[in-house]
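In structure tokens:
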């Protein structure tokens, strides 16, 4: 199994310009994420965060997820140092 760190990528809704990485205060366990996103695999892909999933995952981050204004994706990276530079 890969050692991954998960985070949320935030983009402008109209232009798809990357804005920032939102780190989890407390990263949800994989089984919780699988339930939220209705997935069974290791979740190495990008997963769009809808209004419904934002309600379930939002308490894991400090910032309110404003899905009407921004596009968010659950992302992951193998290299923790890469996340620290974002």
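In my numbering, the protein residues as written are 1341 to 1426.
Cβ coordinates follow ideal geometry from the N, Cα and C atoms, glycine included.
Span of the beta strand (DSSP E), counted from its first residue to its last, around residue i
i, result
"residue 1362", "1358 to 1363"
"residue 1352", "1345 to 1352"
"residue 1371", "Per DSSP, residue 1371 belongs to no beta strand (DSSP E); it is in the alpha helix (DSSP H), 1370 to 1377."
Residue i: CB within 6 Å of a non-hydrogen atom of the ligand ZN
i, result
"residue 1408", "This structure lacks the ligand ZN, and indeed carries no ligand of any kind."
Inter-residue spacing [alpha-carbon to alpha-carbon] between residue i and residue j
i, j, result
"residue 1390", "residue 1344", "23 Å"
"residue 1359", "residue 1348", "11 Å"
"residue 1300", "residue 1361", "There is no way to answer for residue 1300, as the model of the chain reaches only from 1341 to 1426."
"residue 1368", "residue 1346", "9 Å"
"residue 1401", "residue 1394", "10 Å"
Neighbour-count burial assignment, residue i, 16 or more Cβ in a 10 Å radius
i, result
"residue 1365", "exposed"
"residue 1409", "exposed"
"residue 1357", "exposed"
Nearest residue (CA-CA) to residue i, options the options
i, options, result
"residue 1380", "1370, 1403 and 1388", "1370"
"residue 1388", "1375, 1407 and 1417", "1407"
Spatial neighbours of residue i in its chain, beta-carbon cut-off 6 Å, leaving aside the 5 residues before and after
i, result
"residue 1415", "1347, 1349 and 1386"
Nonlocal neighbours in the same chain, by C-beta distance under 8 Å from residue i, ignoring five residues either side
i, result
"residue 1351", "1357, 1358, 1359, 1410, 1411, 1412 and 1413"
"residue 1377", "1383, 1387, 1393 and 1414"
Own chain residues within Cβ distance below 7 Å of residue i, not counting five before or after
i, result
"residue 1374", "1380 and 1383"
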